[in-house]
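Participant: Input: one structure, supplied below.
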Amino acid sequence: MSLDNIKLPSQEIELRDGSKVMMQVQVKPTALEFVMAIAKKHPTWTITPETISRDYKNGEYNGRVYSEVNALWAYEFNVAQGKDVLGRIGAEYWGGQKFFITNERIRKQRERGSVTRTGDIKKAIKLVEKMFFPKTDAEVIKEITAKGKDQLGIYRYKKNSDFNDLWRSMQNSALSFVRDNLEEFRAYTSHSSITGLDRFEEIWDARDKARTLEDAYANGSASMVTIMGDTYFFTFKDTPIVSFNRDEVSPEIKTKVGMLKLVASGQAIDDVGFKCDDDVFVINMLPNIVRKGV
280 MSLDNIKLPS
290 QEIELRDGSK
300 VMMQVQVKPT
310 ALEFVMAIAK
320 KHPTWTITPE
330 TISRDYKNGE
340 YNGRVYSEVN
350 ALWAYEFNVA
360 QGKDVLGRIG
370 AEYWGGQKFF
380 ITNERIRKQR
390 ERGSVTRTGD
400 IKKAIKLVEK
410 MFFPKTDAEV
420 IKEITAKGKD
430 QLGIYRYKKN
440 SDFNDLWRSM
450 QNSALSFVRD
460 NLEEFRAYTS
470 HSSITGLDRF
480 EEIWDARDKA
490 RTLEDAYANG
500 SASMVTIMGD
510 TYFFTFKDTP
520 IVSFNRDEVS
530 PEIKTKVGML
540 KLVASGQAID
550 DVGFKCDDDV
560 FVINMLPNIV
570 RKGV
């Protein structure tokens with residue numbers, strides 16, 4: 280069996296005598312027909328092993344029984360088109376020999392579990408045909424947005440942590456007194472060493488601005504902006520994704536994006552927004568945008 284789009288690696292195996300050899304991974308016979316059918320039907324898809332098991336044989340040497348690797352079997356496979364992972368397929372014993380298929384679309388459709396199993400290979404192939412295809416723009420944007428939201432949360436956590444580190448060294452004094460009487464507090468604590476006290480206002484403001492920005496995204500007054508080619512995708516809380524061609528986007532938004540492109544990922548600019556990644560931003564104080572579904 281040899282198809283260019285089925286990528287089977289080799290692994291180094293140590294033999295009984297201590298020598299090492301490279302052994303080729305093989306498709307487990309129970310999964311072979313299914314994997315071959317998908318590979319032949321979709322030559323542009325790449326099929327690579329996700330799970331590999333070892334098959335051992337027993338032997339006897341100088342009156343002693345030993346066990347040695349006899350074969351390497353792959354029975355679970357990732358299916359991809361280019362860099363886009365379409366899902367996983369394979370074969371297993373699940374109350375009888377079954378073929379299994381899973382990806383994010385299948386997981387979202389199922390009330391229980393995340394994998395569809397069937398003993399009918401024709402049904403398995405049909406399900407792959409129905410559910411395995413590259414992500415739509417909307418699916419890609421949702422994934423990117425989720426990662427961007429995580430980045431924003433990490434940013435807020437870090438700024439809050441910076442403040443808490445400072446506050447721990449000041450916790451015996453009333454916070455309201457510190458905020459309202461900072462100079463008096465400095466004088467009051469002149470006999471002790473409080474690291475970072477000279478940056479108190481800066482750290483306080485950074486914490487508050489991080490909270491404000493994340494809250495703005497949470498309440499819908501800020502948007503996650505993802506740029507793909509010449510299209511700007513805007514993701515608001517609890518609304519459909521909004522998309523505009525670059526020429527339709529207001530100069531104000533382009534200016535804010537341009538400013539954020541100049542800073543490192545994970546950094547913010549006051550009254551502008553936050554940079555999640557090279558082409559993913561949270562923009563604050565947006566002008567009115569017509570919210571239409573993609």
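In my numbering, the protein residues as written are 280 to 573. Here a beta-carbon is modelled for each residue, glycine too, at the ideal position from N, C-alpha and C.
1) Out of K554, T381, M410 and F479, state which residue places its alpha-carbon closest to the alpha-carbon of F356.
2) Quick one: Cα of K307 to Cα of L406, how far?
3) Taking G398 and Q376 to be in contact with their CB atoms under 8 angstroms, please state how far apart those CB atoms are, rounded to whole angstroms.
4) According to the Cβ coordinates, are A359 and T325 closer than 8 angstroms?
5) Is S346 helix, strand or coil when you go by DSSP?
6) Just to confirm my understanding: we take D334, look at its own chain, exclude 5 residues before and 5 after, and list those with CB closer than 8 angstroms. What are they?
7) Can you give me the C-alpha to C-alpha distance between D296 and T415, rounded to a whole angstrom?
8) Do you know offhand how far E527's Cα is from T327's?
9) Under 8 angstroms, do F316 and I404 count as touching if we go by C-beta distance?
10) For P328, which beta-bridge partners are listed by DSSP?
11) Using the Cα positions of K299 and F411, report the straight-line distance between them to the nearest angstrom.
12) What are the boundary residues of the beta strand (DSSP E) that includes N524?
13) Are I400 and F313 touching if we call contact CB-CB under 8 angstroms?
Facilitator: Let me lay it out:
1) Residue mapping note: residue 356 aligns to position 77 of the sequence shown, counting from 1. Checking every option, the nearest Cα to that of F356 belongs to T381.
2) For the purposes of this step, residue 307 is taken as the residue at position 28 of the sequence shown. For the purposes of this step, residue 406 is taken as the residue at position 127 of the sequence shown. Rounded to the nearest angstrom, the two C-alpha atoms are 21 angstroms apart.
3) Taking the sequence shown and counting its residues from 1, the one referred to as residue 398 is at position 119. Taking the sequence shown and counting its residues from 1, the one referred to as residue 376 is at position 97. Between Q376 and G398 the Cβ distance is about 6 angstroms, and since that is below 8 angstroms, they are a contact.
4) As a position in the sequence shown, residue 359 is number 80, starting the count at 1. As a position in the sequence shown, residue 325 is number 46, starting the count at 1. Going by C-beta atoms, A359 is nearer than 8 angstroms to T325.
5) Reading the sequence shown from its first residue, position 67 is the one you call residue 346. Correct three-state label for S346: strand.
6) If you number the sequence shown from 1, residue 334 lands on position 55. Only V348, N349, A350, L351 and W352 meet the Cβ criterion.
7) Counting from 1 along the sequence shown, the entry for residue 296 is found at position 17. Counting from 1 along the sequence shown, the entry for residue 415 is found at position 136. One C-alpha to the other measures close to 53 angstroms.
8) Here residue 527 is taken as the residue at index 248 of the sequence shown, counted from 1. Here residue 327 is taken as the residue at index 48 of the sequence shown, counted from 1. Going from the Cα of E527 to the Cα of T327 covers about 42 angstroms.
9) Here residue 316 corresponds to residue number 37 of the sequence shown, with the count starting at 1. Here residue 404 corresponds to residue number 125 of the sequence shown, with the count starting at 1. Looking at the sequence provided, one finds Ala at residue 316 rather than Phe. Yes, they are a contact pair.
10) Counting from one through the sequence shown, the residue named residue 328 turns up at place 49. Note: P328 sits in a beta bridge opposite F356.
11) Position 20 of the sequence shown, counting from 1, holds the residue named residue 299. Position 132 of the sequence shown, counting from 1, holds the residue named residue 411. When rounded, the distance between both Cα atoms is 39 angstroms.
12) Here residue 524 corresponds to residue number 245 of the sequence shown, with the count starting at 1. Segment V521 to N524, the beta strand (DSSP E) holding N524.
13) Along the sequence shown, read from residue 1 onward, the residue named residue 400 stands at position 121. Along the sequence shown, read from residue 1 onward, the residue named residue 313 stands at position 34. Contact: yes.
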